[in-house]
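One structure is given here, and the rest of the page talks about it.
Numbering (our numbering), first residue to last: 183 to 449.
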């Protein structure tokens, strides 16, 4: 028998969800009903040391039976056709959900069938068995002209995922000024997320800096904030403890999932 991933046989208690973080912005969720969703699966096999921190990908795609794939945007580390193709070879019924650019790429570069894809835009919601993904913007299509930020090259989405336990927010790659955009905040806040997985970087500037990430967590009234988009590339890595140290004692509390492991949430 092939080795199966830890999540495969994991029994998730009612009212909870298992959240596995692989690295970068790649996650797998499993709810109490056994549905498995991968978010931005990115497991390239060719990993030159000057570019990748870890020589081995955190998953062999055939090891994790996957029902749904959610894609946030059509950049290579978020819409990885190499991984999507291997998932669909092993699990041909997998459904792939994402913005038009990602779905166009999946249809042209993998064997995923059109009937197994769903193209979504901000404001939509999509059912994944007992889970519902509410689609929000990570970057507004206009950018932020006042801050000198150009429109993004492709649609950049985030997801608020309602389970029959907690509600989870995955930021995707948010605009640097995200906490200043009342409309972006409102669209997430109205779904009352319990935990948010927040892409940030201390110096680089495409995403919120640490202070902006803290603001984002507070404005979204998260019960827990978790960092994402690190531990993969040599460039653009950051120390999650440094990020966590920016949060005030009154919160929200931070939660750091070690690379390539899962938590049951709420714990």
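Built from N, CA and C at the ideal position, the CB exists for glycine as well.
The alpha-carbon separation between residue 204 and residue 263 amounts to approximately 17 Å.
Residues of the same chain with a CB within less than 6 Å of the CB of residue 209, apart from the 5 flanking positions on each side, are 203, 221 in chain order. Residue environment: residue 255 is assigned as buried (16 or more neighbouring CB atoms within 10 Å of its CB, all protein chains considered).
In this structure, residue 196 places its C-beta atom within 7 Å of the C-beta atom of residue 214.
For residue 341, the uninterrupted beta strand (DSSP E) run begins and ends at 338–344, by DSSP. About 5 Å separates the CB atoms of residue 218 and residue 249; that is less than 8 Å, so the two are in contact. In the DSSP annotation of this structure, the continuous segment of the alpha helix (DSSP H) that includes residue 424 starts and ends at 422–426.
Of the residues assessed, residue 417 falls on the exposed side of the cut-off, its CB having fewer than 16 other CB atoms within 10 angstroms. Looking at the DSSP output, residue 444 sits in a beta bridge with 202. Judged by DSSP in its simplified three-state form, residue 352 adopts strand.
Taken atom to atom, the span from the alpha-carbon of residue 257 to that of residue 375 is near 25 Å. The C-beta separation of residue 302 from residue 281 comes to about 7 Å, placing the pair in contact by the 8 Å criterion. Comparing C-alpha distances from residue 347 to each of 447, 189, 277 shows the shortest one belongs to 447. By the Cβ neighbour-count rule, residue 394 is buried, with 16 or more other Cβ atoms within 10 Å of its own. If you look at residue 227, you'll find it isn't in any alpha helix (DSSP H); DSSP assigns it neither H nor E. Residue burial is scored here from C-beta neighbours: residue 290 has fewer than 16 other C-beta atoms within 10 angstroms and is therefore classed as exposed. Residue environment: residue 427 is assigned as exposed (fewer than 16 neighbouring CB atoms within 10 Å of its CB, all protein chains considered). Going by beta carbons, residue 354 and residue 339 fall inside the 7 Å limit.
Less than 7 Å separates the beta-carbon of residue 379 from that of residue 408. Just so you know, the alpha carbons of residue 238 and residue 244 end up roughly 15 Å apart. Within the stretch 232–309, the complete beta strand (DSSP E) runs of at least 3 residues fall at 250–252, 277–280, 299–301. The stretch 310–325 makes contact with the stretch 355–375: 3 or more CB pairs, one atom from each, lie closer than 8 Å.
For residue 394, the enclosing alpha helix (DSSP H) covers residues 392–401.
Between residue 413 and the set 235, 227, 211, 225, the nearest pair of CA atoms involves 235. In its chain, beyond the 5 residues on either side, 322, 326, 357 have a beta carbon closer than 8 Å to the beta carbon of residue 363. The secondary-structure analysis by DSSP pairs residue 370 with nothing; it has no beta-bridge partner.
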